[in-house]
Amino acid sequence: MSRQALVIGIGTGNPDHLTLEAVAALNRVDVFLVADKGTAKQDLIGLRTEICRQVISHDRYRVIEVPDPERGPDRGRNTVQYQDAVQRWHRERAARYADIIRAEVGGDGTVGFLVWGDPALYDSTIRIVQSIRDHGRLPLELTVIPGISSLSLLAARHKIILNRVGQPIHITTGRRLVEEYHPGLGDVAVMLDGDLSCSRLVHDHPELGIFWGAQLGLADEVLISGALAEMIEPIQRARAELRAARGWVMDTYLLRPPADNG
Ligand SMILES: C[S@@+](CC[C@H](N)C(=O)[O-])C[C@H]1O[C@@H](n2cnc3c(N)ncnc32)[C@H](O)[C@@H]1O
0 MSRQALVIGI
10 GTGNPDHLTL
20 EAVAALNRVD
30 VFLVADKGTA
40 KQDLIGLRTE
50 ICRQVISHDR
60 YRVIEVPDPE
70 RGPDRGRNTV
80 QYQDAVQRWH
90 RERAARYADI
100 IRAEVGGDGT
110 VGFLVWGDPA
120 LYDSTIRIVQ
130 SIRDHGRLPL
140 ELTVIPGISS
150 LSLLAARHKI
160 ILNRVGQPIH
170 ITTGRRLVEE
180 YHPGLGDVAV
190 MLDGDLSCSR
200 LVHDHPELGI
210 FWGAQLGLAD
220 EVLISGALAE
230 MIEPIQRARA
240 ELRAARGWVM
250 DTYLLRPPAD
260 NG
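As structure tokens, this is what we get:
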């Protein structure tokens, strides 16, 4: 019998957003492995461990922080060198996790990974577990528990549907937005955007609407919606205030062209 690996979507920090399936899964875990990505993320680790404390009804579980291996600077690497470096980094990380699991989790034990939001959206935990099996040569039986993603919460808070009737929705990152944007995409949801890249669309696409949300699900949640051209400055201000108060900000937004383009 191999060890179980539970990848558990926990929503974005509000324990009310845990599903009953996630609570049951959290209660089955012997050891939680949490990536330690430096002090900036300590607050998020704190939120995750607080969720465990609130919903796990026993004290037999442990939380182990796993430092991420150093990847070195990507600047100066060509594409092949960059891909080599990333692959090496993935293998090192897989080996590190495998060693810890062998040492800390019994042969029929359960290791848990807490995933912010939903594991299916911009998260590499499922890939990590697969590479622990492949590169770390450690058999693990994987189960994935979905969670409420920041996009689900964005839509619920603004009381909107992410897509138009029968239309697709394009989900992308801030890094790609400006390059790939055209109104034919329809509704575009943007994540991982540290720079509010949509500000660079205002000039060419003043017709766009925006539904923006930051720290969704947390006590300092902020929502702003309206015409992109008018809302961009209030959003920039709100973002800066949140960052100043908490030290970090996580935001996501939907860009919506007028109905005749959608
Ligand atoms: C690495 S991705 C993880 C996404 C996550 N798996 C999900 O389902 O939402 C991180 C990005 O998700 C978005 N995000 C995560 N939590 C958020 C929150 N509480 N409020 C707004 N956006 C959030 C932000 O765009 C952030 O840059």
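Residue numbers (numbering that gives the first Met the number 0): 0 to 261. Backbone N, C-alpha and C define an ideal beta-carbon position, used for all residues, glycine too. Note that the coordinates shown come from a computational prediction; the quantities given were computed from them, not determined experimentally.
inquiry  = Rounded to whole angstroms, what is the Cα-Cα separation between THR109 and GLU206?
reply    = Within the sequence shown, numbered from 1, the residue matching residue 109 stands at position 110. Within the sequence shown, numbered from 1, the residue matching residue 206 stands at position 207. If you take the alpha carbons of THR109 and GLU206, they lie about 51 angstroms apart.
Buried versus exposed call for GLY12 [16 or more other C-beta atoms within 10 Å across all chains shown] = As a working mapping, residue 12 is identified with position 13 in the sequence shown. Answer is buried; the Cβ neighbour count reaches 16.
key: For ILE50, three-class secondary structure by DSSP   = The residue labelled residue 50 in the question sits at position 51 within the sequence shown. ILE50: helix per DSSP, three-state reduction.
task = May I ask whether a heavy atom of ligand 1 can be found less than 7 angstroms away from the beta carbon of SER1?
result = The residue you call residue 1 lines up with position 2 of the sequence shown. Result no, Cβ not under 7 angstroms from ligand 1.
message = With a threshold of 8 angstroms, are at least 3 pairs of Cβ atoms found where one atom belongs to the stretch 131-140 and the other to the stretch 13-22?
response = no
query = Any heavy atom of ligand 1 closer than 7 angstroms to the CB of TYR180?
reply = Numbered from its first residue, the sequence shown carries residue 180 at position 181. Result no, Cβ not under 7 angstroms from ligand 1.
request  = Assuming GLY185 contacts ILE168 (C-beta within less than 8 angstroms), just tell me the rounded distance between them.
outcome  = Against the sequence shown, residue 185 aligns to sequence position 186. Against the sequence shown, residue 168 aligns to sequence position 169. Yes, GLY185 and ILE168 are in contact; Cβ-Cβ is about 7 angstroms, under 8 angstroms.
ask   = Does DSSP classify LEU215 as helix, strand or coil?
value = Stepping through the sequence shown from its first residue, residue 215 is reached at position 216. The answer is coil: DSSP assigns LEU215 none of H, G, I, E or B.
ask   = Going by the C-beta, is VAL114 closer than 7 angstroms to any heavy atom of ligand 1?
value = To locate residue 114, count along the sequence shown from 1; it is residue 115. Under cutoff, so the answer is yes.
request  = Answer yes or no: the CB of MET190 versus the heavy atoms of ligand 1, is any distance below 7 angstroms?
outcome  = The count along the sequence shown starts at 1 and reaches residue 190 at position 191. At least one heavy atom of ligand 1 is nearer than 7 angstroms to the Cβ of MET190, so yes.
ask   = So, is TRP247 buried or exposed, given that buried needs 16 or more other C-beta atoms within 10 angstroms?
value = Walking along the sequence shown from the start, residue 247 turns up at place 248. Classification of TRP247: exposed, given that the 10 Å Cβ count is below 16.
query = In chain order, what residues of the same chain have a beta carbon less than 6 angstroms from the beta carbon of HIS89, not counting five sequence neighbours either side?
reply = Along the sequence shown, read from residue 1 onward, the residue named residue 89 stands at position 90. Excluding sequence neighbours, HIS89 sits near SER130.
message = Quick check on VAL85: buried or exposed, where buried means 16 or more other Cβ atoms within 10 Å of its Cβ?
response = The residue you call residue 85 lines up with position 86 of the sequence shown. Result: exposed.
task = Let me know if GLY111 comes out buried or exposed under the rule of 16 or more other beta-carbons within 10 Å of its beta-carbon.
result = Taking the sequence shown and counting its residues from 1, the one referred to as residue 111 is at position 112. Result: buried.
query = Measuring CB to CB, does TYR96 end up less than 8 angstroms from LEU32?
reply = Numbered from its first residue, the sequence shown carries residue 96 at position 97. Numbered from its first residue, the sequence shown carries residue 32 at position 33. In contact: TYR96 and LEU32 (Cβ atoms closer than 8 angstroms).
query = Which two residues bound the contiguous alpha helix (DSSP H) that contains HIS157?
reply = Against the sequence shown, residue 157 aligns to sequence position 158. It spans 149-157 - the alpha helix (DSSP H) in which HIS157 sits, taken as one unbroken run.
query = Which residues in the same chain as VAL54 place their Cβ atom closer than 8 angstroms to its Cβ, once the five residues preceding and following it in sequence are excluded?
reply = Looking up residue 54 in the sequence shown gives position 55. Closer than 8 angstroms at the Cβ level, and outside the excluded window around VAL54, lie PRO14, LEU17, VAL22, LEU25, ASN26.
query = Rounded C-beta distance between GLU140 and VAL30? I'm assuming under 8 angstroms.
reply = As a working mapping, residue 140 is identified with position 141 in the sequence shown. As a working mapping, residue 30 is identified with position 31 in the sequence shown. Between GLU140 and VAL30, the beta carbon gap of about 15 angstroms keeps them out of contact (Cβ cut-off 8 angstroms).
key: Near ligand 1: ALA213 beta-carbon under 7 angstroms from a heavy atom   = Locating residue 213 in the sequence shown gives position 214, counting from the first residue. Correct: ALA213 has its Cβ closer than 7 angstroms to ligand 1.
query = Mind checking THR78: buried by the 16 CB within 10 Å criterion, or exposed?
reply = Within the sequence shown, residue 78 is the residue found at index 79, counting from 1. With fewer than 16 Cβ atoms within 10 Å of its Cβ, THR78 is classed as exposed.
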